[in-house]
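For the sequence shown, this note's numbering gives the first residue as 1, with consecutive numbering after it.
Working notes for the structure below.
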Amino acid sequence: MQHVIGLAKKALGIHPQQGVKPLNNLIHIGSHYHGYHLPHNFLTSDSICYCIGAGEDISFDTELKVMYDAQVYIFDPMPEGINHFQKLKEHTKKGKSLTIEPTVPFTYRLSEKQLEAITFVEIGVWDKKTNLKFFAPERDDYASHSLYLFQESNEYIEAPVDRLSNLMKMLGHSSIDVVKLEIEGLSIQLLIRLLRTN
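Here it is in structure tokens:
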């Protein structure tokens with residue numbers, strides 16, 4: 001039946017993206033693998049950006065600070081994200097650069113002062129306040145624990161999570177300009193949960 005509907009739409013000239021206008025002046029922010037596109041003049045120093053999920057690449061998050069001096073908040077309760085942020089702080093304090101992703105290298109370019117202005121919150125984002133099991137990766141080359149992936153490994157750590165609205169209240173925010181969701185295997189499911197509960 002879907003095939004017939006598809007043929008009918010094609011014959012009538014109906015396209016699924018009909019009426020969708022592309023955004024102009026998009027720029028890529030961050031590394032090749034963990035960067036995102038935003039309109040060039042979309043953010044200012046007053047913009048509040050929540051970057052949910054850090055892992056071992058916070059290039060998008062840090063570039064929001066470098067390029068726009070935005071107010072950046074990174075949320076990740078996992079040791080990989082916490083350790084990577086700490087490693088970046090140590091490198092920056094010593095005046096050393098830190099390069100990530102060997103295949104398509106990205107070098108962090110923020111100052112110590114800019115990095116100090118970024119808030120790292122060791123809490124995950126979920127649809128309620130609780131502690132959840134984050135399962136350990138089964139591969140040595142995989143960078144982070146996951147709520148969804150690796151459940152058969154039975155190796156996990158428990159970490160705190162909370163509702164986005166609670167975290168906003170805690171940080172004194174009534175609105176957010178950018179939300180980055182980079183959660184291993186659950187970004188879409190989390191977005192649906194957030195829209196239903198916040």
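We put the beta carbon where it would ideally sit given N, CA and C, even for glycine.
Nothing here was measured: the structure is a model prediction, and the numbers come from that model.
Specify, as a first and last residue, the run of the alpha helix (DSSP H) that residue i falls within.
i: Asn166; result: Leu164 to Leu171
i: Tyr73; result: Not the alpha helix (DSSP H): Tyr73 falls in the beta strand (DSSP E), residues Gln71 to Phe75.
i: Leu204; result: In the structure as shown, the chain begins at 1 and stops at 198. Residue 204 is therefore absent and cannot be evaluated.
Among the candidates the options, whose CA atom is the shortest distance from the CA of residue i?
i: Thr130; options: Ala159, Phe120 and Lys113; result: Ala159
i: Leu164; options: Pro77, Lys89, Glu63 and Gly124; result: Gly124
i: Ser45; options: Glu101, Glu63, Asn83 and Val104; result: Glu63
i: Lys133; options: Val178, Ile157, Pro105 and Ile192; result: Ile157
i: Leu191; options: Ile52, His40, Ser111 and Leu110; result: Ile52
i: Leu23; options: Phe42, Gln114 and Val179; result: Phe42
Helix, strand or coil: which one does DSSP assign to residue i?
i: Pro28; result: The amino acid at residue 28 is misidentified as Pro; the sequence shows His. Looking at His28 - three-state DSSP - the assignment turns out to be strand.
i: Leu38; result: strand
i: Leu23; result: coil
i: Ile192; result: helix
List the whole-angstrom C-beta distance separating residue i from residue j, where the pair is believed to meet the contact cut-off of C-beta under 8 Å.
i: Gln71; j: Ser97; result: No, Gln71 and Ser97 are not in contact; Cβ-Cβ is about 24 Å, not under 8 Å.
i: Ala54; j: His84; result: 6 Å
Along the beta strand (DSSP E) that carries residue i, what are the first and last residues, could you check?
i: His91; result: Looking at the DSSP string, His91 is not in any beta strand (DSSP E); the run it does join, the alpha helix (DSSP H), is Pro79 to Lys93.
i: Tyr50; result: Ile48 to Ile52
i: Phe60; result: Unbroken run through Phe60 is the alpha helix (DSSP H), Ser59 to Tyr68; no beta strand (DSSP E).
i: Gly124; result: Gly124 to Trp126
i: Val121; result: Thr119 to Val121
i: Leu132; result: Thr130 to Phe135
i: Lys180; result: Val178 to Leu181
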